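Asker: This is the structure I have questions about; it appears just below.
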Amino acid sequence: MSKKYFVKFVSEPRNDTIKTIVGVACAARAISEGHEVSVFFAAAGTRLLDPAYIEELNKEMGEDSTVVSDMMGSITENATLYCSFASVKATLGHSEGDGALIVPDDRIKWSGPPGVIAVSYTHLRAHEPKAKIVCRLLREKKSGGGGGGGGGGGG
């Protein structure tokens, strides 16, 4: 029986390359077992679409290894791919249509996956519980910070 899997790569993959490779391997394995896989690349996780970085990961697995390239090939050919284009631009400096990624632009849905929406910091504050607002205001008062403007996401 086929299952649906959703995998997201958001964190900086260079912070833990082995964990990144395991995530790629899990997605590739689910595909090889016949499951329906969707993958979302956002923020620094878009680095996994950079051919030079995939080569770095291959070398992590062994000097002449192509195992990460092979797994990413399976993912990019068989999974539904979602990606934040703004993240690709910010992380990799690439523009749409420049052919610099490991997958053609037309294979990627350039938005978040269904059910994932972008919201502003102001919008999130509008739904902040009263107790959390009081804590945030007390922190801002103590630190001398003003209450206006965007910025952090204090918790």
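Remember, the working numbering sits 34 above the position in the sequence shown when you count from 1.
Cβ atoms here follow ideal geometry from the backbone N, Cα and C, with glycine treated the same way.
Note that the structure is a prediction, hence the values are computed from the model and not measured.
#1: What is the C-beta distance between Ser-36 and His-69, in whole angstroms, given that I count them as a contact (C-beta under 8 Å)?
#2: So, helix, strand or coil for Val-44, using DSSP?
#3: Span of the alpha helix (DSSP H) holding Val-102?
#4: Quick check on the burial criterion: 16 or more other C-beta atoms within 10 angstroms. Buried or exposed for Ser-66?
#5: Is it right to say Pro-47 is buried, meaning 16 or more other beta carbons lie within 10 angstroms of its own, or is it exposed?
#6: Is Glu-70 helix, strand or coil when you go by DSSP?
#7: Is the distance from the Cβ of Ala-77 to the Cβ of Ser-145 below 8 Å?
#8: By the three-class DSSP mapping on this structure, what secondary structure does Lys-37 have?
#9: Which two residues bound the contiguous alpha helix (DSSP H) that contains Ala-86?
#10: Mark Phe-43 as exposed unless 16 or more other C-beta atoms lie within 10 angstroms of its C-beta, in which case mark it buried.
#11: Based on Cα-Cα distance, which residue from Val-41, Asp-140, Ser-99 lies nearest to Ala-62?
Answerer: Concretely, from the data shown:
#1: By one-based count along the sequence shown, residue 36 stands at place 2. By one-based count along the sequence shown, residue 69 stands at place 35. Yes, Ser-36 and His-69 are in contact; Cβ-Cβ is about 5 Å, under 8 Å.
#2: In the sequence shown, the residue the question calls residue 44 occupies position 10. Val-44 falls in the coil class under three-state DSSP.
#3: As a working mapping, residue 102 is identified with position 68 in the sequence shown. In the DSSP assignment, Val-102 falls within the alpha helix (DSSP H) that extends over 101-112.
#4: The residue given as residue 66 occupies position 32 in the sequence shown. Counting the other Cβ atoms within 10 Å of the Cβ of Ser-66 gives fewer than 16, which makes it exposed.
#5: For the purposes of this step, residue 47 is taken as the residue at position 13 of the sequence shown. The C-beta of Pro-47 has 16 or more other C-beta atoms within 10 Å across all chains shown, which makes the residue buried.
#6: The sequence position of residue 70 within the sequence shown is 36, counting from 1. Under the three-state reduction of DSSP, Glu-70 is assigned to strand.
#7: As a working note, residue 77 is residue 43 in the sequence shown. As a working note, residue 145 is residue 111 in the sequence shown. Remark: C-beta atoms of Ala-77 and Ser-145 do not approach each other more closely than 8 Å.
#8: Here residue 37 refers to the residue found at position 3 of the sequence shown. Assigned with DSSP and collapsed to three states, Lys-37 falls in coil, not helix or strand.
#9: Your numbering for residue 86 matches position 52 in the sequence shown. Run containing Ala-86: 85-95, per the alpha helix (DSSP H) assignment.
#10: On the sequence shown, residue 43 is found 9 positions in, with the first residue counted as 1. Buried: at least 16 other Cβ atoms inside 10 Å.
#11: Here residue 62 refers to the residue found at position 28 when the sequence shown is read from its first residue. Closest option to Ala-62, Cα to Cα, is Val-41.
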